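Worksheet: the structure to be examined is printed underneath.
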Amino acid sequence: MAKRKEENFSSPENAKRSRQEEAEDFDKDGDEFNGTSTLTAAEVGIIESIQLKNFMCHSMLGPFKFGSNVNFVVGNNGSGKSAVLTALIVGLGGKAIATNRGSSLKGFVKDGQNSADISITLRNRGDDAYRANAYGDSIVIQQHISMDGSRSYKLKSETGSVVSTKKEELIAILDHFNIQFFMKATQLEQMKEDYTYIMETKERTKEQINQGEERLIELKRQCLEKEERFQSIAGLSTMKTKLEYLKHEMAWAVVNEIEKQLNAIRDNVELGEERAARLGRKAEEQQVRLNEAEKKYKEIQDKLEKISEETNARAPECLELKADLTAKKRAYNEAEVSYNRSLNEYKALKKDEEQLYKRIEELKRSTDQSLEPERLERQRKIKWLKDKVKAFQDQKVSITQEIEQFQQAVDKDKEERDRIRGEEQEVRHLLTYNQRQLKELKDSKNNRLKRFGPHVPALLEAIDDAFKRGHFTHKPVGPLGACIHLRDPELALAIESCLKGLLQAYCCHNHADERVLQALMKRFYAPGTTRPQIIVSEFRSEMHDVRHRAAYHPDFPTVLTALEIDNVVVANSLIDMRGIETVLLIKNNAVARTVMQSQKPPKNCREAFTADGDQVFAGRYYSSENTRPKFLSKDVDSEISHLENDVENKTAQIQNLQQHMFALGKDIKRNEELLRRCQLHLKELEMKIRKSLSEIHELENIEEHQSVDIATLEDEAQENKSKMKLVEKNMEQRKQTMEALRNVRVEAEDKYDAIKLKINQLLELADPLKDELNLADSEVDSQKRGKRHYEDKQKEHLDTLNKKKRELTMKEKELEEKMSQARQICPERIEVQKSASILDREINRLRQKIQAEHASHGDREEIMKQYQEAKETYSDLENKVKTLKRFIKLLEEIMGLRFKTYQQFRRCLTLRCKLYFDNLLSQRAYCGKMNFDHKSETLSISVQPGEGGKVAFSDMRALSGGERSFSTVCFILSLWSIAESPFRCLDEFDVYMDMVNRRIAMDMILKMADSQRFRQFILLTPQSMSSLPSSKLIRILRMSDPERGQSILPFRPITQEEDDD
């Protein structure tokens, strides 16, 4: 069997029994193997019987009754021999792995069964019996193994009653019977454990010595206290006198302290009243400022509304004047054309008159009447020229219309180009803004603070450094937008539109901190650039109580409730500066108008903001200029993507506008070129017309002496003169009409320009007024918050002041009571230097001392007795400590000798085992070697058949089967020779042995068994053992081969004669 520390089934601690030289025989008949041995049978620890049920592949084995000395269990393979040995190991508590037959106990339960049972009976007789009064002469160990691998024990007495079910009891039995292996079986382990136990006892003794020394210190202190107490009895009266004086001092010391407290409270009340007056004045000043701010806001609002009303009122008049101006321009142009036509007609008539008079004179002088053919030719040519002039004039009309069309197209294209150029500049400005914002957003992916400005991270580092250097009273907080978080991301634009520049603002505790922060900002913001706002407000640890002035709506949050603000300073600053508790957030624009304008706004609600950033008041609505949040958006990637799309769209838009402008430019150039060509053509036509007309006049003025009738020409001249007068009269009328229409046009232009200028002036006035209105609105909010701030402070201060006044009244009453009590104790006031707490401790200490003295006063003998007892206790403990120290020193010397003896005993056992091994091997002329390594607890052997001096020792694997079996038997017998276990088991010891080796091995085992009749030997073999000598000390247990379906194996002991038959 294996060692328990190597997962065996027993681990004893004490091996008390020594080797027995004599014992009684199991059958009490004294039979011997050869008549030479006088040793008798063992009384304790040997196996009397074993029985198995559903164990391994066997339904039932046994019960097997073993003899007290030598037992041979014989049978063919499969008959159950090894099952008996395995059951013996498992039944005595061994683990499954120690049997080399499986790794789990559930593997030993027969297939198809739920459990297995093992029953082992151990002998328990004589003086060394284990709990003989409980168990009797036999101990029955029953073990039940379940299918899940668990097992339980029942330890029964000889009569069958259960004594215990604990494994610890089984281990104690095995330890008592010394059922174990080598180190434990040879009692080396016990010696080693005893040595360890003694060393542990030594350490505990040292600990007791240390405790004793500590106790000596305490006893010495008590002894000195007793001695001091004994000596202090004489000063008892002095202590009582001192106690009375201390009580007097204590009475007036309490009065002094209450007076000090009373004076401090009075000072606080006076200061509080002064501060209350200051707060009242500040609240009044704040009310005045609020009234002024509200008045200013109302004035600006009235102005803005008046401008808006006036602008709206003038718009229809402006449109009417514009239409009137257009009509009058058209009438003037028509009059001007009519006048120019009359003028040209008058000039033509004037020229005709001159030519007629000239012709008449020429005719009068002409006398030649022979030029008739020439005259006819001239008339024909004149007619041709007039037809030509008419064709030229028709072309002139057509060209004039084309010129007007081209001029209109050029003007329209130029107007469109100017409009597109303005739009392109606006889009380019937005593109630059979006590109800058895109860059800031991309930078803010790695550092969110860069959203609030590229210099913010560096500024915050500078603030941290300045705070560490002690430049700030309190570290400034900001930017405020980085200290707030949205509960609903859809409200980001609304909150940004509400807070605006406050998102980039910083908070300082006082103006000194503000100056330091301003100096830091100068390092990062160039002159002329916009710096973040700095809010100066005392840092508080608690948020303002806004419950009584906050807006409320069951469906919509305020800005305050829509934000998660961890920093109280940030929350208070936003409440003070923007009144975020009074601003509602309503996502839908129409709903916001309904809530704020179509019905009465919610209580305490001044304004609301929509998800689009629009600002809604009770009477007005302002649209937001921004479409996306800049600072508070959580989805930076989405914002970047959106901005990239905007940049891409605006770039494409600019390209489209530029292409459009380029196309318009080309159209303008083409139309201007066509216009120029038409104008040149018109000039050419006009020149041709003038030339043709001139030729006509010249032909008509040629003297025609023969055909011209002077009278007719004179009539024509007279008619022409009449026409001239009529045309001149018409021309004068048309001129007057034109001048009148010009004056009317100029007047209409002046009226239109005046009203348009007025509207523009009004619009220009409205823009700054809007800014002023926003500033005034912010100022009103700020003043309201300031007023609420001072009112809250005043209320809080008055509450504190009233509390202090009540405390003052109570302290005055308490002072009167304490002074009355002090006069009762000591009528005259005493000047006291010590505080009441110090006097109280002195009084308590002195009172305790007096009480202690009182308790012992009048019994000096008792005090003396206590002092003597303390002194004796100290002396006794001191002697014990000294004795223990001497014991430790002696123990160390004894343990040194004991350890040497242990090593010597171990060497003797080792040598004895080696000699026995050599002696047994020599019976067949073998030689061998055993190597013990006590440090690593290992043992190895080597055997060489034949003469040992001739051939080197061989590895056991080089031996034949018989040689290895013989060597193994010798090795086991050598171990048995130094082991103290009451029984030995050996399975198939003679396998692979020839007849000679088997006979020699058998003789050696029987010889050892004969010399050790006080021990039991159980040998398992497939051989018949028919050659054994006849003796009642030898018992042969034969096991039959099981038949099919057989559940119980027949078993009966046989004698030598029956085996021979």
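In this note's numbering, the protein residues as written are 16 to 1076. Glycine included, each C-beta is placed from N, C-alpha and C at the ideal position. Source: prediction; values computed, not measured.
{"query": "Inspect the beta-carbon positions of K241 and Q881 and report whether they are closer than 8 angstroms.", "result": "yes"}
{"query": "H73 by DSSP, collapsed to three states: which one?", "result": "strand"}
{"query": "Which parts of the region 436–490 are runs of the alpha helix (DSSP H), unbroken and 4 residues or longer, counting only runs that do not cross its ends?", "result": "471–483"}
{"query": "Got a sec, what are the start and stop residues for the alpha helix (DSSP H) G977 sits in?", "result": "G976 to I993"}
{"query": "Assign H159 to one of three DSSP states: helix, strand, or coil.", "result": "strand"}
{"query": "Helix, strand or coil for P78 per DSSP?", "result": "strand"}
{"query": "Note the first and the last residue of the continuous beta strand (DSSP E) segment covering N86.", "result": "V85 to G90"}
{"query": "Find the nearest neighbour of S1077 within the set S83, R230 and D479, judged by alpha-carbon distance.", "result": "Because residue 1077 is not part of the residues shown, which for the chain are 16 to 1076, the question remains open."}
{"query": "Taking DSSP as the reference, what is the three-state secondary structure of F632?", "result": "coil"}
{"query": "Which whole-angstrom value describes the C-beta separation of F1004 and A1016, a residue pair presumed to lie in contact below a C-beta threshold of 8 angstroms?", "result": "7 angstroms"}
{"query": "Residues in its own chain within less than 8 angstroms of H675 by CB, not counting five upstream and five downstream?", "result": "I435"}
{"query": "Starting from N946 and walking both ways along the beta strand (DSSP E), at which residues does that stretch end?", "result": "C942 to D948"}
{"query": "Closest to C620 by C-alpha separation, out of V631, L107 and W267, would be which residue?", "result": "V631"}
{"query": "Taking 8 angstroms as the threshold (C-beta atoms), are G496 and F624 in contact?", "result": "no"}
{"query": "Compare the beta carbon distance of I669 and R484 with 8 angstroms and say whether it is the shorter of the two.", "result": "no"}
{"query": "What ranges does the alpha helix (DSSP H) occupy inside the region 130–186, keeping only unbroken runs of at least 4 residues that lie completely in it?", "result": "147–150"}
{"query": "Taking the alpha carbon of F947 as the reference point, which residue from C928, Q959 and P960 has its own alpha carbon closest?", "result": "C928"}
{"query": "Could you say which of A577, M71 and I845 lies nearest to G127 if we only look at CA atoms?", "result": "M71"}
{"query": "Taking the alpha-carbon positions, what's the R803 to E439 distance?", "result": "50 angstroms"}
{"query": "Among the residues of its own chain, which have a CB less than 7 angstroms from the CB of K864, if the five just before and after it don't count?", "result": "M254"}
{"query": "With 16 other CB atoms within 10 Å as the buried threshold, where does C522 fall?", "result": "buried"}
{"query": "Less than 8 angstroms between the beta carbons of F487 and V551, yes or no?", "result": "no"}
{"query": "I909: which of D209, S118 and T101 sits nearest, CA to CA?", "result": "D209"}
{"query": "Straight-line CA distance for Y212 to M1040?", "result": "48 angstroms"}
{"query": "I'd like the span of the beta strand (DSSP E) that includes V598, first residue to last.", "result": "V598 to L600"}
{"query": "Count Cβ pairs between the region 343–358 and the region 784–795 that sit closer than 8 angstroms; are there 3 or more?", "result": "no"}
{"query": "Determine which residues share a DSSP beta bridge with L954 and list them.", "result": "F947"}
{"query": "Relative to the alpha-carbon of S172, which residue among E183, E314 and N148 has its alpha-carbon at the smallest distance?", "result": "N148"}
{"query": "Can you tell which of K886, A102 and I232 has the C-alpha that lies nearest to the C-alpha of S64?", "result": "A102"}
{"query": "Is it the case that the Cβ atoms of L690 and I418 are separated by a distance below 8 angstroms?", "result": "yes"}
{"query": "Which first and last residues belong to the alpha helix (DSSP H) in which C513 is found?", "result": "A507 to L514"}
{"query": "Could you name the residues of the same chain whose beta carbon sits closer than 7 angstroms to that of E729, not counting the 5 residues immediately before and after it, in chain order?", "result": "I375"}
{"query": "One question on the structure: do K773 and L336 come within less than 8 angstroms of each other, judged by their Cβ atoms?", "result": "no"}
{"query": "For the alpha helix (DSSP H) containing T101, name the first residue and the last one.", "result": "K96 to G106"}
{"query": "Please say whether L861 and F257 have beta carbons closer to each other than 8 angstroms?", "result": "Checking the sequence shown, residue 257 turns out to be Lys, not Phe. Yes, they are a contact pair."}
{"query": "Please return the same chain residues whose Cβ sits closer than 6 angstroms to the Cβ of K344, not counting the five positions on each side in sequence.", "result": "R760"}
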